[in-house]
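These notes concern the structure reproduced below.
Residue numbers (the numbering used here): 8 to 487.
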């Protein structure tokens with residue numbers, strides 16, 4: 008029930024006013040959690056916490072820098088307001104002002120947007136103000152706020168997993184979207200388990216008659232990541248075959264503090280991911296070819312370039328992370344290896360093409376891509392090599408006794424690598440796809456190295472496998 012709790016931040020240094028604000032909200036909200044900040048530094052500490060979440064903020068302007076400080080300054084309130092807008096852009100704010108400070112917030116009020124924050128059908132400003140001499144109007148504001156907020160709980164969420172594992176931010180976003188679309192019951196399926204802070208969900212929205220009227224894939228996460236996903240959809244995914252891509256339905260940026268969500272609609276359901284279809288043994292030649300053909304549209308516009316291995320690695324792993332990993336794992340040859348230049352082809356790549364980001368429909372042998380946050384121009388081998396190697400590292404992939412260390416040492420020799428492999432058809436498909444695109448083995452070694460080095464960054468990945476693949480990449484380069 009914790010996701011039903013209304014979470015309020017009050018920034019106010021005067022005890023009697025803070026108590027009055029708290030009383031008004033508690034009189035209206037049955038289930039509320041209130042956090043109080045009495046000075047600029049307290050507010051900063053709260054707002055800088057990456058885990059923090061608020062549904063609403065009330066903000067005084069004239070208060071001190073430190074608790075119980077004597078020097079009050081409206082600039083402190085403006086500084087906190089700026090941090091609220093930056094760190095919790097999706098949270099509505101009510102500024103409580105004295106007569107002398109109204110004109111100071113003009114810039115912030117002008118940047119406010121009108122949004123239907125909780126899917127009530129009524130839009131309102133994301134930043135508004137109430138003069139303290141009109142404090143009696145606060146009760147009406149809170150009553151209206153309560154009606155809008157309660158609106159999202161008209162929707163019943165039916166999760167296929169433990170609903171307590173659904174972050175409050177994602178709960179809010181899914182309910183807001185569902186309410187806006189007219190859903191009565193929304194079924195939620197977690198797609199993948201991924202290593203990213205953003206999460207992907209499959210949603211089925213049902214109406215009063217019990218009929219599913221909308222199937223959606225939703226990405227919920229930090230607003231900047233979600234905005235990248237939506238932007239990449241418009242720039243790149245829209246160029247692909249309409250039958251292989253969903254339609255963009257909505258982008259929600261308010262109602263979940265620092266989080267947002269993007270929603271894509273599908274014409275029909277997808278029973279499997281590439282991973283689960285492989286585990287179930289239902290992949291076939293047509294599905295393999297369909298998956299590959301989706302991405303060949305981008306590959307057809309490829310360009311040939313010569314670039315350093317370092318520049319290839321930088322597309323998937325930052326210098327700071329890379330150098331830290333090189334030092335920690337004693338990868339003494341890595342810096343020199345990265346200095347080498349390779350001839351390769353560049354084209355648009357999905358950028359995170361693991362098996363959970365490919366949806367499979369076995370009824371009509373179709374597939375579709377999801378999760379567009381990493382799309383960009385990269386070496387054309389990165390998507391095939393990511394899909395192949397994701398079977399070894401991704402948490403949603405079925406765990407097998409294969410590959411052994413001996414298999415990994417023979418990565419470049421496909422028959423020896425596949426010895427004892429329970430998913431040989433899938434790995435062979437990825438390798439054939441890789442070989443059809445490669446200019447030479449040095450390009451392959453650069454991409455294998457970059458992918459494997461990145462896996463060392465994640466806490467739960469098999470580090471022994473990653474290090475073996477880095478060694479295989481070194482050998483492949485030296486033998487070319």
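Beta carbons: idealized from backbone N, C-alpha and C, even for Gly. Values in this document were obtained by computation on a predicted structure and should not be read as measured data.
Identify, in the order they occur along the chain, each residue of the same chain with its Cβ nearer than 7 Å to the Cβ of residue i, setting aside the five sequence neighbours on each side.
| i | result |
| --- | --- |
| residue 8 | Low local confidence applies: a pLDDT of 43 at residue 8 is under 50, so the model's placement there is unreliable, with the coordinate-based value given in what follows. So the list is empty, once near-sequence residues are dropped. |
| residue 459 | 473, 476, 477, 480 |
| residue 52 | none |
| residue 188 | 212, 221 |
| residue 166 | 173, 195 |
| residue 436 | 295 |
| residue 33 | 39 |
Starting from residue i, trace the alpha helix (DSSP H) both ways and give me its first and last residue.
| i | result |
| --- | --- |
| residue 143 | Run containing residue 143: none; DSSP gives neither H nor E here. |
| residue 391 | 389-400 |
| residue 437 | 431-444 |
| residue 10 | Unbroken run through residue 10: none, as it is neither H nor E. |
| residue 304 | 292-306 |
| residue 477 | 470-485 |
| residue 368 | That residue, residue 368, is in no alpha helix (DSSP H); its beta strand (DSSP E) goes 365-368. |
| residue 95 | Note, residue 95: premise wrong, no alpha helix (DSSP H); not H, not E. |
| residue 376 | Where residue 376 is concerned, there is no enclosing alpha helix (DSSP H), although the beta strand (DSSP E) it sits in stretches over 373-376. |
| residue 112 | First-last for residue 112: undefined, no H or E at that position. |
| residue 341 | 341-345 |
| residue 508 | The chain is shown only over 8 to 487; residue 508 falls outside these bounds and no answer can be derived. |
| residue 457 | 448-462 |
| residue 422 | 421-424 |
Report yes if the C-beta distance between residue i and residue j is below 7 Å; otherwise report no.
| i | j | result |
| --- | --- | --- |
| residue 309 | residue 352 | yes |
| residue 262 | residue 125 | yes |
| residue 58 | residue 38 | no |
| residue 95 | residue 265 | yes |
| residue 430 | residue 285 | yes |
| residue 484 | residue 366 | no |
| residue 427 | residue 409 | yes |
| residue 121 | residue 127 | no |
| residue 119 | residue 132 | yes |
| residue 362 | residue 295 | no |
| residue 377 | residue 269 | no |
| residue 182 | residue 159 | yes |
| residue 83 | residue 73 | no |
| residue 384 | residue 355 | yes |
| residue 298 | residue 374 | yes |
| residue 88 | residue 54 | no |
| residue 35 | residue 155 | no |
| residue 162 | residue 185 | yes |
Which same chain residues end up closer than 8 Å to residue i when comparing Cβ atoms and leaving out the 5 residues on each side of it in sequence?
| i | result |
| --- | --- |
| residue 204 | 228, 229, 232 |
| residue 136 | 101, 102, 103, 104, 109, 112, 116 |
| residue 61 | 14, 15, 16, 42, 95, 98, 264 |
| residue 471 | 412 |
| residue 246 | 304, 305 |
| residue 25 | 17, 19, 43, 45 |
Using a Cβ-Cβ cut-off of 6 Å (strictly less than) and excluding sequence neighbours within five positions of residue i, which residues of its own chain qualify?
| i | result |
| --- | --- |
| residue 235 | 380 |
| residue 168 | 197 |
| residue 139 | 103, 105 |
| residue 468 | 400, 462 |
| residue 444 | 387, 388 |
| residue 339 | none |
| residue 311 | 352 |
| residue 273 | 222, 253 |
Hey, quick one: how far does the beta strand (DSSP E) through residue i stretch, first residue to last?
| i | result |
| --- | --- |
| residue 229 | 219-229 |
| residue 385 | 383-386 |
| residue 6 | Nothing in the structure corresponds to residue 6, since the chain is present only between 8 and 487. |
| residue 285 | Note, residue 285: premise wrong, no beta strand (DSSP E); alpha helix (DSSP H) at 281-287. |
| residue 352 | 348-356 |
Got a sec: does the ligand FAD put a non-hydrogen atom nearer than 6 Å to the Cβ of residue i?
| i | result |
| --- | --- |
| residue 220 | Absence of the ligand FAD is noted for the structure shown, with no ligands found whatsoever. |
- Message: Contact between the segment 320-334 and the segment 384-393 is defined here as three or more beta-carbon pairs at a separation below 8 Å; is this criterion met?
- Response: In short, these stretches touch, since the Cβ pair count reaches three.
- Are the segment 296-313 and the segment 338-347 touching, with three or more C-beta to C-beta distances below 8 Å? These segments do not touch.
- Query: Curious, which full-length beta strand (DSSP E) runs of at least 3 residues does the segment 239-268 contain?
  - Reply: Counting only runs of 3 or more, we get 254-259.
- State whether the segment 17-28 contacts the segment 41-49, with contact taken as three or more CB pairs (one from each stretch) at a distance under 8 Å. When C-beta atoms of the segment 17-28 are compared with those of the segment 41-49, three or more pairs fall below 8 Å, so the two segments count as touching.
- Task: Could you tell me whether the segment 184-195 touches the segment 211-220, using the rule of 3 or more Cβ pairs below 8 Å?
- Result: Here the segment 184-195 makes contact with the segment 211-220; the two share three or more CB pairs at distances below 8 Å.
- Message: When you compare the segment 396-415 with the segment 324-333, are there three or more beta-carbon pairs, one atom per stretch, that lie closer than 8 Å?
- Response: Contact annotation: the segment 396-415 does not touch the segment 324-333, with fewer than three C-beta pairs closer than 8 Å.
- Check whether the segment 246-261 touches the segment 392-401, counting contact only when three or more Cβ pairs, one atom from each stretch, lie closer than 8 Å. Short answer: they don't touch.
- List in chain order: all unbroken beta strand (DSSP E) runs of 3+ residues lying wholly within the segment 26-83. Residue ranges of uninterrupted beta strand (DSSP E) with 3 or more members, entirely inside the segment 26-83 and ordered along the chain, are 39-44, 63-67.
- Item | Minimum length 3: unbroken beta strand (DSSP E) runs contained in the segment 143-212 | Considered as a whole, the segment 143-212 harbours 163-166, 192-198 as its complete beta strand (DSSP E) runs of no fewer than 3 residues, in chain order.
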